[in-house]
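K.L.:
One structure follows; several queries about it will come next.
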Amino acid sequence: MRTFAFVEGLPVIEMEQGTECGRVIDILISNNRITGLLINMRGWFNRHRFLLLEHVSSIGDQAIMIRTKEVIKTCQSGKTGDTPLALGRFKLKGMELFSQSGAMLGLIEDVYFNVEMGTIVGYKVTDGLLADLTTGQKMYRGQHLVVGKERAILSN
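Residue numbers for the sequence shown follow the numbering used here, so the first one is 4 and each next one is one higher.
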């Protein structure tokens, strides 16, 4: 089980040439799964690119490995329907998280996910810096996350 904070900033390395293609800057989420990684490509004219999770060979402690850089595609913002965790106008990070019963659980800080399957295992939630220092951050598990423009609702 990994968190986005663990993979953020990791280099993406292609195994054919051994070159670094870029670094992970965000993950995209849809239907309680990580669909792919947003990559900040190297070079002057390269923009952010999208890497489907199915094309990732492995996620290690120091790098993310892919077979070839040809699997990294251009992004067409707003066209995928996926929700970014950290970047963008409708990101999950910082969004209010509610339970089905109407209790506010806190603000979404990160996600825990299964590396092999890409399924989201839980959501790391914060109640603010002071509360985090005294009681720590919490993790909530749920089967389905409904994402609105201002808040998210987690079902049990």
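Where a beta carbon is used, it is the ideal one built from N, C-alpha and C, also for glycine.
Thinking C-alpha only, which one of 17, 11, 22, 114 is nearest residue 28?
P.N.:
If we check each option's Cα against that of residue 28, 11 comes out closest.
K.L.:
Mind checking who residue 29 pairs with in its DSSP beta bridge?
P.N.:
Per DSSP, 41.
K.L.:
If you reduce the DSSP assignment to three classes, tell me which class residue 155 lands in.
P.N.:
Here residue 155 sits in strand by DSSP.
K.L.:
Give the straight-line distance between the Cα atoms of residue 123 and residue 65, rounded to the nearest whole angstrom.
P.N.:
Looking at the two C-alpha atoms, the distance is approximately 22 Å.
K.L.:
Which residues in the same chain as residue 154 place their Cβ atom closer than 8 Å to its Cβ, once the five residues preceding and following it in sequence are excluded?
P.N.:
The residues are 98, 99, 100, 101.
K.L.:
On the three-state DSSP scale, how would you describe residue 94?
P.N.:
Residue state, collapsed to three classes: coil.
K.L.:
Strictly by DSSP, which residues pair up with residue 19?
P.N.:
For residue 19, which the question treats as bridged, DSSP gives no partner whatsoever.
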